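Line by line, the protein sequences are chains A and B.
Residues 1 to 160, numbered by my numbering, are exactly what the first sequence covers, in order.
Residues 161 to 320, numbered by my numbering, are exactly what the second sequence covers, in order.
Beneath this line is the structure, given in structure tokens, with notes to follow.
There are 2 protein chains.
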Amino acid sequence: MLKFFSSSATNKVDAKGRVSIPAPFRKVLQGEGSSVLVLVPEITGRPIIEGFGEAHFNKLAASLEEMNPYTPEYDALANMVFGEAHQLPLDDTGRIVLPQEFRDLTGITDLAHFVGRANTFQIWNPETYNAGRAEMRETAKANVDKLPWAGKRGADRGAP
Amino acid sequence: MLKFFSSSATNKVDAKGRVSIPAPFRKVLQGEGSSVLVLVPEITGRPIIEGFGEAHFNKLAASLEEMNPYTPEYDALANMVFGEAHQLPLDDTGRIVLPQEFRDLTGITDLAHFVGRANTFQIWNPETYNAGRAEMRETAKANVDKLPWAGKRGADRGAP
DNA sequence: TTGCTGACCATGATTTCCCATGATATTCAA
DNA sequence: TTGAATATCATGGGAAATCATGGTCAGCAA
């Protein structure tokens, strides 16, 4: 069973706001033994939706619990994350209804672009994504050395 | 059990996009106790696919988690690596379906060239590979001394 | 009513699964 | 060491399941 959200897909959003969650993503949720999906606006305010399963949602809740309540930080995070999150059940064909506020936030009308990001995934307006893609490629290229790819950063790869 | 990806092979891509993963490569995956393969476009954007097993994929995820999220670097790496990675299960005859986007990227139509690279391997359009091979030989020849062959202990492996 | 939601059914296009085959490779015994 | 018996490998094809998508209809609220 798949462990990480990976790959991308652009799916249609129908007149009722329904979108198919890409099959590989559903398999990750399934692996968590869950068929609900959590969507939250990207916390820094960019026009992107962040998505994940219950497992990750629980982790977020756990981190919050470690914070001191009745502080502005706790307040802000609790409200922005949990206050704006939607827990959406997948229907029997693997679709969710994308809440109107998320369509507004992202500018999504009839197409939604899904991007896997390991423990989470994102939903973008395809146009926004394409507009930023070239720059992301450049930034990624300039930062390869942050990942244990083939350089010496890949410390424990077996060879001395 | 084999530990590194080595050797090369050129295999057919059938009408359904299926390719046999070279048997020696399968043995490396088997050694990791896994039968899924991860493919990612080469990060600098050349028309090459990078492949490896779940073990290496986990390491990539782990390094990401150590980075500061919501930075352009994190974003770019997450989207370009995980967003474009495919986790592909091998079928019972050791084949995968090479995703269309990878066939497009590399220009692969009916033949795929596999090249072992120790901890990862690459998939090339055979023509692209052949076209660049002579130059790679020259570059390798000019840099033999960078490898710590027997008798050359402590050779300089390049400083940060 | 009018409009929205959710449950259910329908469908074409993949994609996956399963079985089959010829070409090497490998094993093992004489 | 040679040759026959046995695996392994790369490849092909058809049937069955999955996927993304669309539509209908009943319930419920405004």
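Ideal Cβ placement from N, Cα and C applies to all residues, glycine included.
Source: prediction; values computed, not measured.
Where the alpha helix (DSSP H) containing residue i begins and where it ends
i	result
Val28/A	Ala23 to Gly31
Gly292/B	Pro286 to Ala302
Contact under 8 angstroms by Cβ, residue i with residue j
i	j	result
Leu162/B	Val188/B	yes
Thr266/B	Asn290/B	no
Phe165/B	Phe185/B	yes
Asn11/A	Phe52/A	no
Phe114/A	Pro22/A	yes
Ile110/A	Val13/A	In the sequence as displayed, the identity of residue 110/A is Asp instead of Ile. Yes, the pair counts as a contact, with Cβ atoms nearer than the cut-off.
Gln247/B	Val200/B	no
Tyr74/A	Met80/A	no
Leu147/A	Leu220/B	yes
Ser7/A	Ala294/B	no
Cα-Cα separation between residue i and residue j, rounded to whole angstroms
i	j	result
Ala9/A	Trp309/B	46 angstroms
Phe281/B	Ile96/A	38 angstroms
Ile203/B	Thr139/A	10 angstroms
Val179/B	Phe242/B	22 angstroms
Thr93/A	Ala112/A	17 angstroms
Ala62/A	Phe102/A	25 angstroms
Ala238/B	Pro232/B	10 angstroms
Arg297/B	Met136/A	32 angstroms
Gly340/B	Gly276/B	Outside the shown range of chain B, which is 161 to 320, sits residue 340/B, and nothing can be said about it.
Thr288/B	Ile268/B	10 angstroms
Tyr230/B	Tyr70/A	25 angstroms
Asp251/B	Gln190/B	13 angstroms
Met104/A	Ile283/B	Per the sequence shown, residue 104/A should be read as Asp rather than Met. Distance between the alpha carbons of Asp104/A and Ile283/B is about 41 angstroms.
Element boundaries [beta strand (DSSP E), containing residue i]
i	result
Pro148/A	Per DSSP, Pro148/A belongs to no beta strand (DSSP E) and is neither H nor E.
Ala9/A	Ser8 to Lys12
Glu50/A	Ile49 to Gly53
Arg178/B	Arg178 to Ser180
Pro201/B	Val196 to Pro201
Distance between beta carbons of residue j and residue i, contact taken as under 8 angstroms
i	j	result
Glu32/A	Glu50/A	Going by Cβ atoms, the distance from Glu32/A to Glu50/A rounds to 16 angstroms, so no, they are not a contact pair.
Ser195/B	Pro249/B	6 angstroms
Gly205/B	Lys141/A	7 angstroms
Ala175/B	Asn143/A	Going by Cβ atoms, the distance from Ala175/B to Asn143/A rounds to 39 angstroms, so no, they are not a contact pair.
The ligand NAD heavy atom lying under 7 angstroms from the CB of residue i
i	result
Met161/B	As presented, the structure is devoid of all ligands, the ligand NAD included, so that no description of it is given.
> If you scan the region 71-110 of chain A from start to end, which runs of the alpha helix (DSSP H) of 4 or more residues do you find wholly inside it?
Replying inline: 72-77 and 100-106
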